[in-house]
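>
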Amino acid sequence: MKRIFTTVLASLIFATCIPAVYANDVHHPKAEAQKIYTVKGEVVAIDKAAGKVKLKHEAVPELDWPAMTMFFPVADKSQLDGIAIGDQVEFQFVKANGGSPSITQIKPLK
Ligand SMILES: [Cu+2]
4 MKRIFTTVLA
14 SLIFATCIPA
24 VYANDVHHPK
34 AEAQKIYTVK
44 GEVVAIDKAA
54 GKVKLKHEAV
64 PELDWPAMTM
74 FFPVADKSQL
84 DGIAIGDQVE
94 FQFVKANGGS
104 PSITQIKPLK
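Here the sequence shown stands for residues 4 to 113, numbered as in the numbering used here.
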């Protein structure tokens with residue numbers, strides 16, 4: 004009888020602990036989803052060989068960036084095929100581990 008009681012008690016403790024573990028995972032995720040920034044700008048120069056595009060972009064408040072003109076590397080050089088100098092564009096970029104930005108998508112505004 005004592006043995007059965009111990010088994011039931013162990014099961015109860017086990018059952019109680021499982022949700023606690025999941026809850027802990029929810030509140031402390033191992034990796035945060037990578038933030039994607041969506042910004043508008045104008046194409047100033049395109050360096051296809053280097054896979055870079057120079058953009059006069061609007062401010063990015065989330066990053067404390069003022070409006071400026073700068074080069075961005077693109078994740079895939081084929082992204083440069085759809086744009087031309089002087090185009091008004093909307094682009095998305097990520098910053099890997101808070102480092103340099105990399106454009107993941109860029110398209111002309113219609
Ligand atoms: Cu900039």
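C-beta: ideal position from N, C-alpha, C; glycine also.
From a predicted model like this one, the values you see are computed outputs, not experimental measurements.
#1: Give a yes or no on whether the C-beta atoms belonging to Y40 and Q95 are separated by under 8 Å.
#2: Checking 8 Å against the spacing of the C-beta atoms, do M59 and F75 come in under that value?
#3: Measuring alpha carbon to alpha carbon, tell me which residue in A78, K113, G102 and A99 is nearest V92.
#4: How many angstroms separate the CA atom of E45 from the CA atom of G89?
#5: Note down the Cα distance separating M73 from I49, rounded to an integer number of angstroms.
#6: Taking 8 Å as the cut-off, decide whether the C-beta atoms of V42 and K57 are in contact.
On the basis of the coordinates in this document:
#1: The residue you call residue 40 lines up with position 37 of the sequence shown. The residue you call residue 95 lines up with position 92 of the sequence shown. Yes, Cβ-Cβ distance for Y40 and Q95 is below 8 Å.
#2: Counting from one through the sequence shown, the residue named residue 59 turns up at place 56. Counting from one through the sequence shown, the residue named residue 75 turns up at place 72. This sequence places Lys at residue 59; Met is not what is there. Not in contact: K59 and F75 (Cβ atoms no closer than 8 Å).
#3: As a working note, residue 92 is residue 89 in the sequence shown. Here the closest residue by C-alpha is K113.
#4: By one-based count along the sequence shown, residue 45 stands at place 42. By one-based count along the sequence shown, residue 89 stands at place 86. Each residue's Cα considered, the two are about 6 Å apart.
#5: Mapped onto the sequence shown, residue 73 falls at position 70. Mapped onto the sequence shown, residue 49 falls at position 46. Distance between the alpha carbons of M73 and I49: 11 Å.
#6: As a position in the sequence shown, residue 42 is number 39, starting the count at 1. As a position in the sequence shown, residue 57 is number 54, starting the count at 1. No, the pair does not count as a contact, with Cβ atoms beyond the cut-off.
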